[in-house]
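K.L.:
Residue numbers (UniProt numbering): 1 to 265.
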């Protein structure tokens, strides 16, 4: 009889655990793996979610990429769901990378979801150092601007760049066009330029060469000071554009990204 009770207790315990895991998995469905990974990566590296692009590689692995505004450098990470509530990250930018957080002796990133709220916890030695809260609004997909409004934006930018910006600056750039990259929570557009002008080409190895890094930052600052004028600010206010990026490329290779903000010039 005692043995039967022990068996029954074990079965009940397994059933309860199974139910709890099922409930947890169902709750997490309100946030995709990519969204959870973006939130986790944002807490580790203090990067905005809105600059991140994601691709789900498998059921438990997602690739997250973003471009650092300061120097236009691309970063890429793999994010893996280690359990129903824990993440690990693999830095694809490093030659000898490993899964950070896979070893339980290391700092951990835990997550939980409830009532459309995603909670990320930064845990070290079993102690929660920081807690971050994300809502569904942090991951709202972009909505396309109407064709009529997009036409007006394109016409204004084309005229401004051709008749004002290009005539007052010595840079040799070709304006390619503009795309809306996000509408909520921050309405964001990306201007695309192509150039062969050496004054705008980024120096290599800026991540290890201090001189190259400073020169690249100087290029970004000069572009921003020249492009982010009162006219651009007024235009952004008129069309409710919060952020306007300038993406400078050379034959398809990114050189840098500079950013204008609404109301700032």
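For glycine and all other residues, C-beta sits at the position ideal for the given N, C-alpha and C.
Please return the same chain residues whose Cβ sits closer than 6 Å to the Cβ of residue 258, not counting the five positions on each side in sequence.
P.N.:
Translated into positions along the chain shown, residue 258 becomes position 258. So the qualifying residues of the chain are 220, 223, 224 and 246.
K.L.:
If you run the structure through DSSP and keep just helix, strand and coil, what is residue 223?
P.N.:
Here residue 223 is taken as the residue at index 223 of the chain shown, counted from 1. Correct three-state label for residue 223: helix.
K.L.:
Please identify the residue among 83, 165 and 252 whose C-alpha is closest to the C-alpha of residue 112.
P.N.:
One-based indexing of the chain shown puts residue 112 at position 112. If we check each option's Cα against that of residue 112, 83 comes out closest.
K.L.:
Between residue 54 and residue 38, how many whole angstroms is the CB-CB distance? I'm expecting something under 8 Å.
P.N.:
Translated into the one-based positions of the chain shown, residue 54 becomes position 54. Translated into the one-based positions of the chain shown, residue 38 becomes position 38. About 6 Å; that satisfies the 8 Å criterion.
K.L.:
Kindly say whether residue 151, judged by its beta-carbon, lies nearer than 7 Å to any beta-carbon of chain C.
P.N.:
Absent here is chain C; the protein component of the structure consists of one chain.
K.L.:
Taking the alpha-carbon positions, what's the residue 210 to residue 150 distance?
P.N.:
Stepping through the chain shown from its first residue, residue 210 is reached at position 210. Stepping through the chain shown from its first residue, residue 150 is reached at position 150. Each residue's Cα considered, the two are about 41 Å apart.
K.L.:
In three-state DSSP terms, what is residue 171?
P.N.:
If you number the chain shown from 1, residue 171 lands on position 171. Coil, per DSSP.
K.L.:
Taking only three categories from DSSP, how would you classify residue 209?
P.N.:
As a first step, residue 209 is located in the chain shown; it is residue number 209 there, counting from the start. In this structure, residue 209 counts as coil in the three-state DSSP scheme.
K.L.:
So for residue 148, helix, strand or coil by DSSP?
P.N.:
To locate residue 148, count along the chain shown from 1; it is residue 148. Here residue 148 sits in helix by DSSP.
K.L.:
So, helix, strand or coil for residue 38, using DSSP?
P.N.:
Residue mapping note: residue 38 aligns to position 38 of the chain shown, counting from 1. If DSSP states are grouped into helix, strand and coil, residue 38 belongs with the helices.
K.L.:
Express the C-alpha separation of residue 242 and residue 255 in angstroms, rounding to a whole number.
P.N.:
Residue mapping note: residue 255 aligns to position 255 of the chain shown, counting from 1. Residue mapping note: residue 242 aligns to position 242 of the chain shown, counting from 1. Approximately 23 Å, taken between the alpha carbons.
K.L.:
So, does the segment 77-93 touch the segment 101-116, judging by three or more C-beta pairs under 8 Å?
P.N.:
Judged by Cβ distances under 8 Å, the segment 77-93 makes contact with the segment 101-116, as three or more pairs qualify.
K.L.:
Classify residue 82 as helix, strand or coil using the three-state DSSP reduction.
P.N.:
Locating residue 82 in the chain shown gives position 82, counting from the first residue. Residue 82: coil per DSSP, three-state reduction.
K.L.:
What separation, rounded to the nearest whole angstrom, lies between the Cα atoms of residue 134 and residue 52?
P.N.:
Working through the chain shown from its first residue, we reach residue 134 at position 134. Working through the chain shown from its first residue, we reach residue 52 at position 52. The alpha-carbon atoms of residue 134 and residue 52 are separated by roughly 15 Å.
K.L.:
Which of the three DSSP states, helix, strand or coil, is assigned to residue 265?
P.N.:
On the chain shown, position 265 is the one that residue 265 refers to. Three-state result, residue 265: coil.
K.L.:
For residue 260, is the classification buried or exposed, using 16 other Cβ atoms within 10 angstroms of its Cβ as the cut-off for buried?
P.N.:
Position 260 of the chain shown, counted from the start, is the residue given in the question as residue 260. Buried, because 16 or more other Cβ atoms sit within 10 Å of the Cβ of residue 260.
K.L.:
Are the CB atoms of residue 76 and residue 92 nearer to each other than 7 Å?
P.N.:
In the chain shown, the residue the question calls residue 76 occupies position 76. In the chain shown, the residue the question calls residue 92 occupies position 92. In this structure, residue 92 lies closer than 7 Å to residue 76 by Cβ.
K.L.:
Look at the alpha carbon of residue 238 and the alpha carbon of residue 137, and state the distance between them as a whole number of angstroms.
P.N.:
Along the chain shown, one-based indexing puts residue 238 at 238. Along the chain shown, one-based indexing puts residue 137 at 137. Near 24 Å, if we compare the C-alpha coordinates of residue 137 and residue 238.
K.L.:
Within its chain, find whatever has a CB closer than 6 Å to the CB of residue 24; leave out the 5 residues flanking it on each side and keep chain order.
P.N.:
Locating residue 24 in the chain shown gives position 24, where the first residue counts as 1. Low confidence applies to residue 24: its pLDDT is 45, below 50, so where it sits in the model is not reliable, and the reading given next is rough at best. 84, listed in sequence order.
K.L.:
Residue 235 lies in the beta strand (DSSP E); which residues open and close that run?
P.N.:
Here residue 235 refers to the residue found at position 235 of the chain shown. Taken as a continuous stretch (DSSP letters only), residue 235 belongs to no beta strand (DSSP E), being part of the alpha helix (DSSP H) at 230-238.
K.L.:
Comparing C-alpha positions only, which one of 97, 49 and 44 sits nearest to residue 35?
P.N.:
Mapped onto the chain shown, residue 35 falls at position 35. Taking only the C-alpha atoms, the option nearest residue 35 is 49.
K.L.:
What residues are listed by DSSP as bridge partners for residue 267?
P.N.:
In the structure as shown, the chain begins at 1 and stops at 265. Residue 267 is therefore absent and cannot be evaluated.
K.L.:
Pairs of beta-carbons, one from the segment 164-181 and one from the segment 190-198, closer than 8 Å: are there three or more?
P.N.:
They touch, by the three-pair rule.
K.L.:
Can you give the beta carbon distance from residue 43 to residue 109, rounded, assuming they're within the 8 Å contact cut?
P.N.:
For the purposes of this step, residue 43 is identified with residue 43 of the chain shown, where counting begins at 1. For the purposes of this step, residue 109 is identified with residue 109 of the chain shown, where counting begins at 1. Indeed, because the Cβ distance is near 7 Å, the residues count as touching under 8 Å.
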